[in-house]
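Residues in the sequence shown are numbered consecutively from 632, following the working numbering. Ideal Cβ placement from N, Cα and C applies to all residues, glycine included. Here the structure comes first, spelled out in structure tokens, and everything after it is commentary.
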Amino acid sequence: MADGFRTRALGRWWRRRGLRSRVTITAAAGLAVAFIAADLLLFGALRITLTRSVDDSARQAADQIVALINSQPLPQPVPVTASTVAIQVVSPDGRIIDGSAAADRMVPLLSPAQAVASARTGQAITVQGAPYDLPPVPLSVVAASAANGDIVIAAVPYSAA
């Protein structure tokens, strides 16, 4: 009964408003809905753009190290760009053979199967940095294959965006 009473009361209230008031209220509600929809669309587009930016940064760092491996002996420690958290060079059997100063030398960021799949497809994988003694934020991790069979794993934090 209470719901029926509220509905009738709302209907009476709406009918007591003049045409100008009803049009103004309807237009304001429509604008509010339009602004909310535009905000959600822009937020989604911004999130996608920033995610791609971080993934591309990791991919570029991995490709640069692969180019160094393919052209000359890799310098010690592995050079990294400012936004890159960690670079690991993994042998085909899954052992870490080289890395940047911030990278874990014992545990690869990706399993051998994940590293091979990421190197083949170029797909970024999101991992948490804390288990790898890196900043406790999500990391975008990308792998790339060198000519000698080594796999370069590069990790960039999403906070870089």
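Under 8 angstroms by Cβ, that's how I've got residue i and residue j pegged, so tell me the actual separation to the nearest angstrom.
{"i": "Val721", "j": "Pro739", "result": "5 angstroms"}
{"i": "Ala785", "j": "Ile718", "result": "5 angstroms"}
{"i": "Ser771", "j": "Ala689", "result": "5 angstroms"}
{"i": "Pro769", "j": "Gln759", "result": "6 angstroms"}
{"i": "Ser601", "j": "Ala777", "result": "Residue 601 lies beyond the residue range present for the chain, which begins at 632 and ends at 792; the question has no answer from this structure."}
{"i": "Val783", "j": "Val697", "result": "5 angstroms"}
For residue i, which three-state DSSP category applies?
{"i": "Val772", "result": "strand"}
{"i": "Pro788", "result": "strand"}
{"i": "Gly649", "result": "coil"}
{"i": "Ser742", "result": "coil"}
{"i": "Gln707", "result": "coil"}
{"i": "Gly675", "result": "helix"}
{"i": "Gly642", "result": "helix"}
{"i": "Gly661", "result": "helix"}
{"i": "Gly635", "result": "helix"}
Report the partner residues of residue i according to the DSSP bridge assignment.
{"i": "Gln759", "result": "Pro769"}
{"i": "Asp729", "result": "Val720"}
{"i": "Val783", "result": "Val720 and Ala775"}
In terms of alpha-carbon separation, which member of the options lies closest to residue i?
{"i": "Pro723", "options": "Ala659, Arg643, Arg639 and Gly780", "result": "Gly780"}
{"i": "Arg683", "options": "Thr757, Pro762 and Pro767", "result": "Thr757"}
{"i": "Ala693", "options": "Ala663, Pro710 and Leu673", "result": "Pro710"}
{"i": "Ala746", "options": "Pro762, Leu672, Gly725 and Gly730", "result": "Gly725"}
{"i": "Asp764", "options": "Met737, Thr752 and Arg751", "result": "Met737"}
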